[in-house]
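Shown next, in C-alpha cells, is the structure this report addresses.
Residue numbers (the numbering used here): 1 to 174.
Laid out in C-alpha cells, this is it:
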C-alpha cells in the first residue's frame, strides 16, 4: 500500500473494502468513474506484483552489505548511489545516547552522502559482516567497542532501507 499513489489507495480502499461504486469514488477524487476504476485496477496490479517478489537470499543480502561497506569506506559516492534505490531510506536508533540522525533520511544520494560522512567521522577500526537474527548484518567496531549494527532491505537487488542501531543499550549483547 505504501507504494501506491494517494488516488490509487483511495480508489482501492473505497471500492474493495467499503464497496463504494466507482461513480461515488469519482466524486471523492474529482475524476471520472472510468478513471476511478482504472486507479483501483492499477492498484490491485501493483499489489499483486509486490506479492510475487521473492525476498532476497542471504547471499544476495550479504553481497549488497559487503558492496555497501566497501563503497562507504572508500568514499565512493557514485558506487553507493548505484547500490541504493533512489527512494532509499536510512533510519538510525541512537537512543539519545549517541549522535544520530533524529529523522529518517530519504533519497539514495542523501543516504550515500551520509554513509560516507558517518564512516569518516566515526573512523571505525573494522566493519565486518556478521549474522544477526539469522540474517546478514554489518557491525562496526572502534577500540574493541561495537559502534553500530546495520541491516538492509533489498528490492530488485538495490538497497531500499538501511536500519542502523547504535544505541549501546540495544547492541551491548552482540
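Even for Gly, the Cβ is constructed at its ideal location relative to N, Cα and C. Since this is a predicted model, take the numbers as computed values, not measurements.
Is residue i helix, strand or coil when you go by DSSP?
i: residue 84; result: strand
i: residue 17; result: helix
i: residue 174; result: coil
i: residue 175; result: Nothing can be reported for residue 175: it is not among the residues displayed for the chain, which extend from 1 to 174.
i: residue 2; result: coil
i: residue 76; result: coil
Take the Cβ of residue i as the centre, count every other Cβ of all protein chains shown within 10 Å, and call the residue buried at 16 or more, exposed below.
i: residue 159; result: buried
i: residue 102; result: exposed
i: residue 169; result: exposed
i: residue 99; result: exposed
i: residue 150; result: buried
i: residue 32; result: exposed
i: residue 174; result: exposed
Bridge partners for residue i per DSSP, in chain order?
i: residue 33; result: According to DSSP, which records beta bridges pairwise, residue 33 is partnered with nothing at all.
i: residue 135; result: 132
What whole-angstrom Cβ distance do residue i and residue j have, given they're in contact under 8 Å?
i: residue 9; j: residue 92; result: With a Cβ gap of about 28 Å, residue 9 and residue 92 do not count as contacting.
i: residue 83; j: residue 67; result: 6 Å
i: residue 43; j: residue 36; result: Wrong, their Cβ atoms sit about 11 Å apart, outside the cutoff.
Beta strand (DSSP E) runs contained entirely in the segment 85-167, provided each spans 3 or more residues
126-132, 135-142, 145-155, 158-165
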